[in-house]
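Taken in order, the sequence shown gives residues 135 to 286; the numbers are from the working numbering. So the structure is just underneath, and the comments pick up after that.
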Amino acid sequence: MDIPFTGGCACGAIRYKCTGTPRYMGNCHCRDCQRATGSAYFAAVLIRAEEFFLIKGKPNWFETIADKGHPMRRAFCTSCGSPLFLENGARPGGKVLYAGSLDNPEWYKPSRDIYVSSAQPWDIMDPALPKDELMPERLKHEHQKSSCIQAP
Ligand SMILES: [Zn+2]
Ligand SMILES: [Zn+2]
135 MDIPFTGGCA CGAIRYKCTG TPRYMGNCHC RDCQRATGSA YFAAVLIRAE
185 EFFLIKGKPN WFETIADKGH PMRRAFCTSC GSPLFLENGA RPGGKVLYAG
235 SLDNPEWYKP SRDIYVSSAQ PWDIMDPALP KDELMPERLK HEHQKSSCIQ
285 AP
């Protein structure tokens, strides 16, 4: 991985740069992330907010309230719809990039799978990665609005 690294949306209207090393990489299989990506999971790259720079364009935001009451804001391109990054209101010092938005996504290396209790049957996970359920039975009814990316 080169530092700084860059990324952006599919149409090129939005470009970003990160000047530091990611603090965490992992796959979130929660329903919010499935909807936001339109796919099986969110390949998430947690970085420090102060090392993140928008260098072109301005995203739009979609906000949900997590089960603990804080906002989860997902940035996307209004022109092409690509998801770009997420802000967790409980962790204002960080930003979470969608690995697919990276210019060189091949360095993405997940350290674990989280919210595997809501993983889809067609979601094929690496059995070598640690798995976090993050979903005790008693909380299942809250899962539709659960927050993810509670990075270690
Ligand atoms: Zn775009
Ligand atoms: Zn998630």
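We put the CB at the ideal spot given by N, CA and C, even for glycine.
So the candidates are the options; which of them puts its Cα closest to the Cα of residue i?
i    : options                   : result
R225 : I258, M135 and H204       : H204
A200 : K229, A174 and C164       : C164
K192 : P255, C143, S245 and A183 : C143
N238 : N161, R207 and V179       : V179
L231 : I258, P255 and R208       : R208
A262 : K243, R149 and K229       : K243
K212 : G234, N194 and I189       : Checking the displayed sequence, the identity of residue 212 turns out to be Thr instead of Lys. It is N194.
P156 : P255, P264 and L236       : L236
K202 : M259, G234, G223 and Y249 : G223
V250 : M206, A174 and R169       : A174
Y111 : D166, A233, D266 and D260 : The structure shown has nothing for residue 111, since the chain only spans 135 to 286.
G146 : D166, C214 and S245       : C214
How would you call residue i, buried or exposed, if buried means at least 16 neighbouring beta carbons within 10 angstroms?
i    : result
F187 : exposed
A177 : buried
K229 : buried
D247 : buried
G160 : buried
E221 : buried
E276 : Reliability of the predicted coordinates at E276 is poor, the pLDDT of 43 falling under 50, and the value obtained from them is presented with this limitation in mind. Answer is exposed; the Cβ neighbour count stays below 16.
I148 : buried
Going by beta carbon distance, what residues of the same chain come within less than 7 Å of residue i, once the five residues before and after it are set aside?
i    : result
C152 : P138, F139, I181, E185 and F186
M135 : W241
G141 : Y150, L231, S235, L236 and D237
G154 : I137, I181, R182 and E185
Examine ligand 1 and report whether any of its heavy atoms sits within less than 7 Å of the Cβ of residue i.
i    : result
S235 : no
A79  : Given that the chain is displayed from residue 135 to residue 286, the structure contains no residue 79 and the question cannot be resolved.
A144 : yes
Taking 6 Å as the limit between beta carbons, can you name the residues of its chain near residue i, skipping five residues before and five after?
i    : result
Q284 : Any reading at Q284 needs caution, since the residue's pLDDT is 48, under 50, leaving its predicted position unreliable; the model's value is listed next. So no residue of the chain qualifies.
K265 : D247 and V250
Compute every distance between the C-beta of residue i and the non-hydrogen atoms of ligand 2, then say whether any falls below 7 Å.
i    : result
Y158 : no
D166 : yes
Y249 : yes
F122 : Outside the shown range of the chain (135 to 286) lies residue 122, about which nothing can therefore be said.
F210 : no
T219 : Position check: residue 219 holds Phe in this sequence, whereas Thr was assumed. Outside the cutoff, so no.
C162 : yes
Please confirm if residue i has its CB atom under 8 Å from at least one CB of chain C.
i    : result
G215 : Considering every chain present, this structure includes no chain C. It has just one protein chain.
Which residues in the same chain have their Cβ closer than 8 Å to the Cβ of residue i, if we skip the five residues on either side of it in sequence?
i    : result
E197 : P205, M206, R207 and R208
Q348 : The question about residue 348 has no answer, for the chain in this structure spans 135 to 286.
Complete beta strand (DSSP E) runs within the segment 147 to 199 (minimum length 3 residues, chain order): If you keep only unbroken beta strand (DSSP E) runs of at least 3 residues inside the segment 147 to 199, you get 149 to 152, 158 to 162, 176 to 182, 186 to 190 and 194 to 199.
In chain order, each alpha helix (DSSP H) run of at least 4 residues that lies wholly inside the segment 193 to 241: None, since the segment 193 to 241 contains no complete alpha helix (DSSP H) of that length.
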